[in-house]
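Engineer:
There are 4 protein chains.
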Amino acid sequence: MTTHRFVATEWHNVLGTLPPAIRVASGDTVITETLDAWGIDKDDIKRRPGPNPMNGPIFVAGAEPGDALKVEIVRMTPNRATGWTRSSLAGNVVDPEAVRELPSREPVTWAIDRQAGTAQLREPVAGLEHLVLPLEPMIGCFGVAPAMGQAFSTATSAENGGNMDYRGFRPGATVWFPVAVEGALFFLGDCHAIQGDGEIVGTGIETSYEVEVRLTVEKDRRLVWPRGENATEIFSVGNARPLDQALQHATTDMFNWLKSDYGLSSTAASHLMGQVVRYEVGNVYDPAYTMVCKIEKKWLPAR
Amino acid sequence: MTTHRFVATEWHNVLGTLPPAIRVASGDTVITETLDAWGIDKDDIKRRPGPNPMNGPIFVAGAEPGDALKVEIVRMTPNRATGWTRSSLAGNVVDPEAVRELPSREPVTWAIDRQAGTAQLREPVAGLEHLVLPLEPMIGCFGVAPAMGQAFSTATSAENGGNMDYRGFRPGATVWFPVAVEGALFFLGDCHAIQGDGEIVGTGIETSYEVEVRLTVEKDRRLVWPRGENATEIFSVGNARPLDQALQHATTDMFNWLKSDYGLSSTAASHLMGQVVRYEVGNVYDPAYTMVCKIEKKWLPAR
Amino acid sequence: MTTHRFVATEWHNVLGTLPPAIRVASGDTVITETLDAWGIDKDDIKRRPGPNPMNGPIFVAGAEPGDALKVEIVRMTPNRATGWTRSSLAGNVVDPEAVRELPSREPVTWAIDRQAGTAQLREPVAGLEHLVLPLEPMIGCFGVAPAMGQAFSTATSAENGGNMDYRGFRPGATVWFPVAVEGALFFLGDCHAIQGDGEIVGTGIETSYEVEVRLTVEKDRRLVWPRGENATEIFSVGNARPLDQALQHATTDMFNWLKSDYGLSSTAASHLMGQVVRYEVGNVYDPAYTMVCKIEKKWLPAR
Amino acid sequence: MTTHRFVATEWHNVLGTLPPAIRVASGDTVITETLDAWGIDKDDIKRRPGPNPMNGPIFVAGAEPGDALKVEIVRMTPNRATGWTRSSLAGNVVDPEAVRELPSREPVTWAIDRQAGTAQLREPVAGLEHLVLPLEPMIGCFGVAPAMGQAFSTATSAENGGNMDYRGFRPGATVWFPVAVEGALFFLGDCHAIQGDGEIVGTGIETSYEVEVRLTVEKDRRLVWPRGENATEIFSVGNARPLDQALQHATTDMFNWLKSDYGLSSTAASHLMGQVVRYEVGNVYDPAYTMVCKIEKKWLPAR
């Protein structure tokens, strides 16, 4: 198990079958510094146009189509004293006629106090003078190359992951992506210091991060959608529009998971999900929305 | 402040402008026993066809159009040893082609242990032999008469509330409904012993309950959608299809609430919501879906 | 077969189980003058607040739940020299961020030339100086009382019809509504001198009309959604949001119709619909959207 | 103006920035034989796996990002005696619970009579014995390489075109695509002998065709979505899910088109669209649905 310090020198605005930037073994750990959503690094230098320039791809030896790439988010350390957001709710998250009254969507700077682990608006805003947010770092965009030579903008997401902007992709979480190409070709970037559900202003607090992930190949998992777990829950991720369809994808995936891995019948899986399932909204801003279907581990039968 | 024991003798399958079953003063408490979604009472007698027969309407003196009816859910006590669910996920919550593989939607009985405060499947189901769920009672359907002589089936919901099937409508929660007619005309019923997010099998554990609510008129609140609070959060409720539109309604309502009651500008409200908002899925089964937009009270500026 | 001249003296903003304004026999013809969407009559007098005040209900003797009410739209004669529209696309029919650039939604007057059968903007608008539209009259809102004591605003539509705002509801068309209450209780109003697909400015050219309809009870038809025909086509109507669901309702209804009335198997109905079906958008403005699924009669097997 | 006979020897399942198969000048005509959706050629030989293998890309000299590629569909000649469809409505076009009753989705063969210009089911189906459909050829999938190194499956569509499955892409129609890469990189394939609106069985009659198109670069058109015209209409194409969003894209594009090219104000464009616009459903089967917003040329002001 090697730990790699991966210093990116080029970045990508798509997740696709691109030449590997680094090759690692299954089980290795990678530490890398990511740009923010606009391509700005820890030194405030713009290294690449947006949206969401990705570090990678990381080729994980042994990964083949049909496998899963297990990504453990070990650590996220902020490495800049500022982040930015947008000053208005996005048009698509409010009633259509209410869009006429929204403020303009200007970039706004937040001060990040890495000692205290907090963020504050740099310019005071009336009513929010005392708003001090705890850092709750998360990866906005990560995933693997999609199948069939497709390449997807880092503005959106699909079965292969991508720009899901889900708060639950935070240190301590493990995520599995369906591998579609040899080496999996893992990409990551677009980290947020904190974000509300839905990313409804179109951003979290966008900043640069040092990220540590462990990458492991699990053979022949035959996943369709990304899956994950944290200390207390397992979860399935659906990416699509409308939100109804994202929810259908995530729900169907959890249903299949309970049947294939936990031995439940369709009826038993229905009973369990019906009374204990939880949903979380990832993003409702990007071209594909993200809905997460969760079950607490305490309800799961032994595997 | 009087406490009324309201024994319903007829029930309604719509929320509309119907003759009051009881008249109370603002601030009064009402204790009443509700039927389950099929109209079955605590003695297992079917008293009224479904869907979701309502106790009421309760006329609250002084309530006029433009006011809010504040409903404090004081207590919910189960009064029957059984409840029922459906044996399959609903067709609309899975991928369309996956519907072909769903089991049939049969009613299934759960045993409710009122001493222990738990529920269990009455007939054992493989893999769920040890599933013992805590009772987490909630009101599935409640609300006030809609405006303009409209009357809505208790299968669905709208601005006036109705069949929202949201887990958060539980003891300890307070809900405000927009009053559209004199006396508000409050209805309630369809209580669940527990339910997962989304009511994705089309039911929670449906049973009869004794419910205690306190009803208070707040003058001239000019609400559009139901709002609520619990010990730690405030929340806005949007009811519509698709889920995207329910989310737009709830988000717009929270945005307006922060501006009107907490003095935030549109920009400040956007900043706050963008980074701290939480969503919860009420139901994704009924004709109108329910999405809840929440903010923790600790983030709110002083009113 | 009697012809009734029905002079409305009160109007309704809901379709519901209300006292009949007139009783007719099955097969009778009714001639009546309708108000426009704001409640303004042929003499420019506002007789009732909007939305869409309805003439009716008309009790059709012999109609019982499970029957169909056949409505033949015999004639629509404009009886006013003006109509009105809105000056902007509705917010919900454009991309959300494009709403910021829309003009305001002001009422605009059109001159109706009943001799020529045309309509023109009364105040010239640059680029449209020569725009002379032919009158293509249609009924915006009509239908029967819904089931179970429900009452729906004339702003929206459902299984019982209502504010469908579909161009195809024009003279020469026949429409069947599912009867849910004794006497059917037929309502009509909200006629348009012309309208584009979707009613995307929120109006057609709204004006008053003299309408002649023939009302006939067809026993035990067991309809779910409105159906219709014109000289060359049969069609099923779905009313819901999103448009996808309206399309599902209309498509399912046509599928069932081909099976029950034309003797096709599910496979044969699929073959036929797959290659010859046509869709038309009724409205994409009202709370429920309207999608119409059509098949040309020349493709139908003999009944 | 040269006419090229382009004999494809490899095919692609994505629209992306791939090495050109042929280079042509602006204004040239290309004649090429396409495979069907499964990759089967005119001799019934499977040349490439599906979905929808594309001929191309065709590099059109002079095309640069910001330009439009004008594609005139000159001629489509069927070159095989068979085509195929699916035997059931797709799950997503009917009500979710109705999916349980759908037949299985088997491939079905149609006999194509090129002399008569008709198609018939090869095996008789009860009730459809006399069904003889006229050939109404159309291109199911065509478009140009998307921006930013993206590559999209030929199962779906986006701003760059792709698998739109719209009946209106037939001989006599002209289509403009927004050019995103040098040479435009035009792809085409997946022709249908006939198809109903929506492609609701998931196919038209899928077969191989000889297609003749004329490709012309129009400089600096700054299109966002595909646009088209035929003898009597202009039209804008929106590709997205849900259908509501596809409609928003198409409507916004037509609105912008009327303003930029026909000199209308926002208000004038609203007036015109509100009363004369027509919608057509392309597909409601693929990952992105297609909605077309049309205006008859007779209503357009002089450019």
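Residue numbers (the numbering used here), protein chains in the order written: chain W, 44 to 346; chain S, 44 to 346; chain E, 44 to 346; chain B, 44 to 346. Even for Gly, the Cβ is constructed at its ideal location relative to N, Cα and C.
With respect to the alpha helix (DSSP H) encompassing residue 316(W), which residues constitute its N-terminal and C-terminal limits?
Structural biologist: Within the first sequence, numbered from 1, the residue matching residue 316(W) stands at position 273. Element bounds for residue 316(W): 309 to 319.
Engineer: Check for me: the alpha helix (DSSP H) holding residue 299(W) runs from which residue to which?
Structural biologist: Here residue 299(W) refers to the residue found at position 256 when the first sequence is read from its first residue. Residue 299(W) -> alpha helix (DSSP H) spans 286 to 305.
Engineer: Got a sec? Which residues, its chain only, sit under 6 Å from residue 46(S) by beta carbon, not counting five neighbours each side?
Structural biologist: Position 3 of the second sequence holds residue 46(S). Excluding positions up to five away in sequence, the list reads 72.
Engineer: Could you tell me the boundaries of the beta strand (DSSP E) in which residue 242(W) lies?
Structural biologist: For the purposes of this step, residue 242(W) is identified with residue 199 of the first sequence, where counting begins at 1. That residue, residue 242(W), is in no beta strand (DSSP E); it is neither H nor E in DSSP.
Engineer: According to DSSP, is residue 282(S) part of a helix, a strand, or is it coil?
Structural biologist: Here the question's residue 282(S) lines up with position 239 in the second sequence. It is a strand residue.
Engineer: Applying a beta-carbon distance threshold of less than 9 Å, which residues of chain E neighbour residue 57(S)?
Structural biologist: On the second sequence, residue 57(S) is found 14 positions in, with the first residue counted as 1. In chain order: 191, 192, 193 and 194.
Engineer: Which residues in chain B sit within 9 Å of residue 283(W), going by Cβ to Cβ distance?
Structural biologist: Stepping through the first sequence from its first residue, residue 283(W) is reached at position 240. Neighbours of residue 283(W) on chain B, chain order: 284 and 330.
Engineer: Leaving out five residues on either side along the sequence, give the residues of the same chain with a beta carbon under 6 Å from the beta carbon of residue 88(S).
Structural biologist: Position 45 of the second sequence holds residue 88(S). Taken in chain order, the list of residues that qualify is empty.
Engineer: Check for me: the beta strand (DSSP E) holding residue 327(E) runs from which residue to which?
Structural biologist: Translated into positions along the third sequence, residue 327(E) becomes position 284. Unbroken run through residue 327(E): none, as it is neither H nor E.
Engineer: Would you say residue 252(B) and residue 333(B) are within 7 Å of each other, going by their C-beta atoms?
Structural biologist: Locating residue 252(B) in the fourth sequence gives position 209, counting from the first residue. Locating residue 333(B) in the fourth sequence gives position 290, counting from the first residue. No, these two residues do not count as a Cβ contact at 7 Å.
Engineer: Buried or exposed for residue 173(E), please, with buried defined as at least 16 other CB atoms from any protein chain shown within 10 angstroms of its CB.
Structural biologist: As a working note, residue 173(E) is residue 130 in the third sequence. Classification of residue 173(E): exposed, given that the 10 Å Cβ count is below 16.
Engineer: Helix, strand or coil for residue 95(B)? Go by DSSP, reduced to three states.
Structural biologist: To locate residue 95(B), count along the fourth sequence from 1; it is residue 52. Note: residue 95(B) maps to coil in three-state DSSP.
Engineer: Below 6 Å CB to CB, which residues in the same chain sit around residue 102(S) once its five sequence neighbours on both sides are set aside?
Structural biologist: By 1-based counting over the second sequence, the position of residue 102(S) is 59. The residues are 63, 66 and 226.
Engineer: Residue 141(E) versus chain B: which residues are under 7 Å apart at the beta carbon?
Structural biologist: The count along the third sequence starts at 1 and reaches residue 141(E) at position 98. Those are 295, listed as they occur along chain B.
Engineer: Is the segment 154 to 164 of chain W touching the segment 141 to 150 of chain E, taking contact as three or more C-beta pairs under 8 Å?
Structural biologist: Not touching, per the Cβ criterion.
Engineer: Once DSSP output is grouped into helix, strand and coil, what is the label at residue 356(W)?
Structural biologist: Given a span of 44 to 346 for chain W in the structure shown, any question on residue 356(W) remains unanswerable.
Engineer: Output needed for residue 272(B): all residues of its chain with C-beta closer than 6 Å, excluding positions within five of it in sequence on either side, in chain order.
Structural biologist: Counting from one through the fourth sequence, the residue named residue 272(B) turns up at place 229. Once the five neighbours on either side are set aside, the close Cβ partners of residue 272(B) are 217.
Engineer: For the candidate residues 55(E), 56(E), 139(E) and 70(E), whose alpha-carbon lies nearest to that of residue 259(E)?
Structural biologist: Within the third sequence, residue 259(E) is the residue found at index 216, counting from 1. Among 55(E), 56(E), 139(E) and 70(E), the Cα nearest to that of residue 259(E) is on 70(E).
Engineer: In chain W, which residues lie with their C-beta within 8 Å of the C-beta of residue 131(S)?
Structural biologist: Counted from its first residue, the second sequence places residue 131(S) at position 88. The answer, in chain order, is 309, 310 and 313.
Engineer: Given that a residue counts as buried once 16 or more other Cβ atoms are within 10 Å of its Cβ, and exposed if not, what is residue 284(S)?
Structural biologist: Position 241 of the second sequence, counted from the start, is the residue given in the question as residue 284(S). Buried, since its Cβ has 16 or more Cβ neighbours within 10 Å.
Engineer: Beta-carbon separation of residue 10(B) and residue 295(E) under 7 Å?
Structural biologist: Since the first residue of chain B shown is 44 and the last is 346, residue 10(B) is not available in this structure.
Engineer: At the 7 Å Cβ level, is residue 333(W) part of the contact set with chain S, yes or no?
Structural biologist: In the first sequence, residue 333(W) corresponds to position 290, counting from 1. Not closer than 7 Å to any Cβ of chain S, the Cβ of residue 333(W) fails to qualify, so no.
Engineer: Measure the C-alpha to C-alpha separation of residue 44(E) and residue 257(E) and round it to an integer number of angstroms.
Structural biologist: The residue labelled residue 44(E) in the question sits at position 1 within the third sequence. The residue labelled residue 257(E) in the question sits at position 214 within the third sequence. Cα-Cα distance, rounded: 9 Å.
Engineer: Pop quiz: residue 116(B) and residue 214(B) are said to be a contact at Cβ under 8 Å. What is the actual Cβ separation, rounded to whole angstroms?
Structural biologist: As a working note, residue 116(B) is residue 73 in the fourth sequence. As a working note, residue 214(B) is residue 171 in the fourth sequence. That pair is a contact at about 5 Å.
Engineer: Residue 135(W) versus chain E: which residues are under 9 Å apart at the beta carbon?
Structural biologist: Here residue 135(W) refers to the residue found at position 92 when the first sequence is read from its first residue. Near residue 135(W) (Cβ distances below 9 Å), the residues of chain E are 138, 139 and 140.
Engineer: Excluding the five sequence neighbours on either side, which residues of its own chain have a C-beta within less than 7 Å of the C-beta of residue 175(S), listed in chain order?
Structural biologist: Along the second sequence, one-based indexing puts residue 175(S) at 132. Once the five neighbours on either side are set aside, the close Cβ partners of residue 175(S) are 161 and 163.
Engineer: Residue 243(W) CB to nearest chain S CB: under 7 Å?
Structural biologist: Here residue 243(W) refers to the residue found at position 200 when the first sequence is read from its first residue. Chain S contact via Cβ: present.
Engineer: What residues from the segment 116 to 131 of chain B come within 7 Å of chain E, judged by C-beta to C-beta, listed N to C?
Structural biologist: For the segment 116 to 131 of chain B, which is checked against every Cβ of chain E, the residues closer than 7 Å are 128, 130 and 131.
Engineer: Should residue 100(S) be labelled buried (16 or more other beta-carbon atoms within 10 Å of its own) or exposed?
Structural biologist: For the purposes of this step, residue 100(S) is taken as residue 57 along the second sequence, with counting starting at 1. Buried.
Engineer: Provide the residue span of the beta strand (DSSP E) that contains residue 163(B), from first to last.
Structural biologist: On the fourth sequence, position 120 is the one that residue 163(B) refers to. 161 to 164 is the extent of the beta strand (DSSP E) around residue 163(B).
Engineer: In three-state DSSP terms, what is residue 273(E)?
Structural biologist: For the purposes of this step, residue 273(E) is taken as residue 230 along the third sequence, with counting starting at 1. Three-state DSSP puts residue 273(E) in coil, outside helix and strand.
Engineer: Compare the beta carbon distance of residue 191(E) and residue 325(E) with 7 Å and say whether it is the shorter of the two.
Structural biologist: As a first step, residue 191(E) is located in the third sequence; it is residue number 148 there, counting from the start. As a first step, residue 325(E) is located in the third sequence; it is residue number 282 there, counting from the start. No; because the gap between Cβ atoms is not below 7 Å, this pair is not in contact.
Engineer: Please classify residue 265(B) as buried or exposed, where buried requires at least 16 other C-beta atoms within 10 Å of its C-beta.
Structural biologist: The sequence position of residue 265(B) within the fourth sequence is 222, counting from 1. Label assigned to residue 265(B): exposed.
Engineer: Can you name, in chain order, every residue of its own chain whose Cβ lies under 7 Å from the Cβ of residue 57(E), other than the five neighbours on each side?
Structural biologist: Here residue 57(E) refers to the residue found at position 14 of the third sequence. Excluding positions up to five away in sequence, the list reads 194, 195, 196 and 197.
Engineer: Determine the direct distance from the alpha carbon of residue 289(W) to that of residue 81(B), and round the result to whole angstroms.
Structural biologist: For the purposes of this step, residue 81(B) is taken as residue 38 along the fourth sequence, with counting starting at 1. For the purposes of this step, residue 289(W) is taken as residue 246 along the first sequence, with counting starting at 1. Taking the straight line from one Cα to the other gives about 28 Å.
Engineer: Would you call the segment 309 to 328 of chain W and the segment 240 to 251 of chain W touching, i.e. three or more CB-CB distances under 8 Å?
Structural biologist: Yes: at least three Cβ pairs fall under 8 Å.
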